[in-house]
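If you read the protein sequences in the order shown, they are chains A and B. When we follow this note's numbering, the leftmost residue of the first sequence carries the number 1, and every step to the right adds one. When we follow this note's numbering, the leftmost residue of the second sequence carries the number 64, and every step to the right adds one. Ideal Cβ positions, reconstructed from N, Cα and C, are used throughout, including at glycine.
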Amino acid sequence: MMRRFAGYERRALIAGVFFIAMGVLFLLDQLDVIRLRAAYFIPIVLIVLGAAILIGARRPARR
Amino acid sequence: MAETSAPVPPPPGSPPGSSGPPPKSASGPPPTRPRWISRLPLGRIVLGGLLILGGLLWLLDAVNVINVSAGVVLPAALILVGLVLVAASFTGRRHGLLIVVGIVLTITLAFASSFDIRLQGGVGQRVERPNAIGGAATYRLSVGQLTIDLRHTTWSGGATVTASVGIGQLVIQVPSDVALVVRGRAGAGDVTVLGVNESGLDVDQRIAPTGLVPNQRGTLSLDLSVGLGQIQVTR
Chain A
1 MMRRFAGYER RALIAGVFFI AMGVLFLLDQ LDVIRLRAAY FIPIVLIVLG AAILIGARRP
61 ARR
Chain B
64 MAETSAPVPP PPGSPPGSSG PPPKSASGPP PTRPRWISRL PLGRIVLGGL LILGGLLWLL
124 DAVNVINVSA GVVLPAALIL VGLVLVAASF TGRRHGLLIV VGIVLTITLA FASSFDIRLQ
184 GGVGQRVERP NAIGGAATYR LSVGQLTIDL RHTTWSGGAT VTASVGIGQL VIQVPSDVAL
244 VVRGRAGAGD VTVLGVNESG LDVDQRIAPT GLVPNQRGTL SLDLSVGLGQ IQVTR
């Protein structure tokens, strides 16, 4: 489905999914359903960012 | 050149008014979005819409029409930005402004969560002087100064007061003749309970009991928290 439309922006798609996930986590934290602590939260963000960069590096940069 | 500009005659049996060859099968080239969708300035539309919506909610909260918590509105805005980005990714254009808005919201909310800042209960300076407490009472403020004066408050058989300030100062004034159990937490800042001070990151001060024998009013329990700022409990 994703490849049906010519020229989709993969970076926007990854950023969108990331923002949705973070928004849900922050919402649950503010509603006291879960508790985000800096000691857990910041390493997870670093891991996700690193993984995103590595996945992005698999494709050659477009000119 | 002549091949591309020459009109293609409609095939025999096609309805009048139609022109060109019939569409090819699904194995042909991928369809593209209409040009007007690709040209929509989505970043500006979403940013403008969020600012208008945020302003409206804030205004309605200020005049006490509705009760809005920034702790819900900001994550909801981040989810909305994400959904628009996912939808917009299929237009094939870059949406730098939307990504910047998402990053700013993410950093703000990460900061709030890291220091346990509860963004609930409005903004400003508030003084509460309850006449009576029926067992338990809760007070919240997002940003500002919250003063709770319990010196003339009545209750019987003990009471629990829970209060939180996201960023700012929380001041509690308690009667001099009541036994106290206090828990004061600060993500980053300063907690002073009856002259005993602790400061730094992740402060968690517990004071119980205060030495006074509980009278007919029982014990007053205070559960206090501030994300960034100060807690002061005085008699």
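Kindly list the residues whose CB is nearer than 7 Å to the CB of ARG63 of chain A, restricted to its own chain and excluding five residues on each side of it in sequence; keep chain order.
-> Caution is warranted here: a pLDDT of 48 is assigned to ARG63 of chain A, below 50, making its placement in the model unreliable, and the coordinate value is therefore given only provisionally. If we look at ARG63 of chain A and ignore the five residues flanking it on each side, it has no Cβ neighbours.
Quick one: which chain B residues come within Cβ less than 9 Å of VAL33 of chain A?
-> By Cβ distance, chain B contributes nothing, its closest Cβ being about 12 Å from VAL33 of chain A, past 9 Å.
Assuming PRO138 of chain B and GLY23 of chain A make a contact with CB atoms under 8 Å, what is their CB distance in whole Å?
-> 5 Å
Considering VAL24 of chain A, what are the terminal residues of the beta strand (DSSP E) in which it resides?
-> Where VAL24 of chain A is concerned, there is no enclosing beta strand (DSSP E), although the alpha helix (DSSP H) it sits in stretches over 10 to 30.
Can you name the start and end residues of the alpha helix (DSSP H) that THR169 of chain B belongs to?
-> 159 to 177
Locate the beta strand (DSSP E) running through ASP124 of chain B, then write down its first and last residues.
-> Here ASP124 of chain B belongs to no beta strand (DSSP E); instead the alpha helix (DSSP H) covers 105 to 125.
Could you list which residues in chain A have their beta carbon closer than 7 Å to that of GLY165 of chain B, in chain order?
-> ALA15, PHE19
What's the gap between the Cα of LEU27 of chain A and the Cα of LEU172 of chain B?
-> 9 Å
Go to LEU57 of chain B, then tell me how far its beta strand (DSSP E) extends in each direction, as first and last residue.
-> No answer is possible for residue 57 of chain B: it lies beyond the span of chain B, which begins at 64 and ends at 298.
Counting only beta-carbon atoms, is LEU142 of chain A nearer than 7 Å to chain B?
-> Here chain A has residues from 1 to 63 only, and residue 142 of chain A is not among them.
Short check: CB of VAL244 of chain B to CB of SER284 of chain B, under 7 Å?
-> yes
Under 8 Å between beta-carbons, which chain A residues line up against THR225 of chain B? List them in chain order, please.
-> The premise fails here: THR225 of chain B is roughly 12 Å from chain A at the closest Cβ pair, so nothing lies under 8 Å.
Go to LEU285 of chain B, then tell me how far its beta strand (DSSP E) extends in each direction, as first and last residue.
-> 282 to 297
Taking ALA173 of chain B as the query, report the chain A residues whose CB atoms sit under 9 Å from its CB, ordered along the chain.
-> MET22, PHE26, LEU36, ALA38, PHE41, ILE42, VAL45
Helix, strand or coil for ALA226 of chain B, going by three-state DSSP, please let me know.
-> strand
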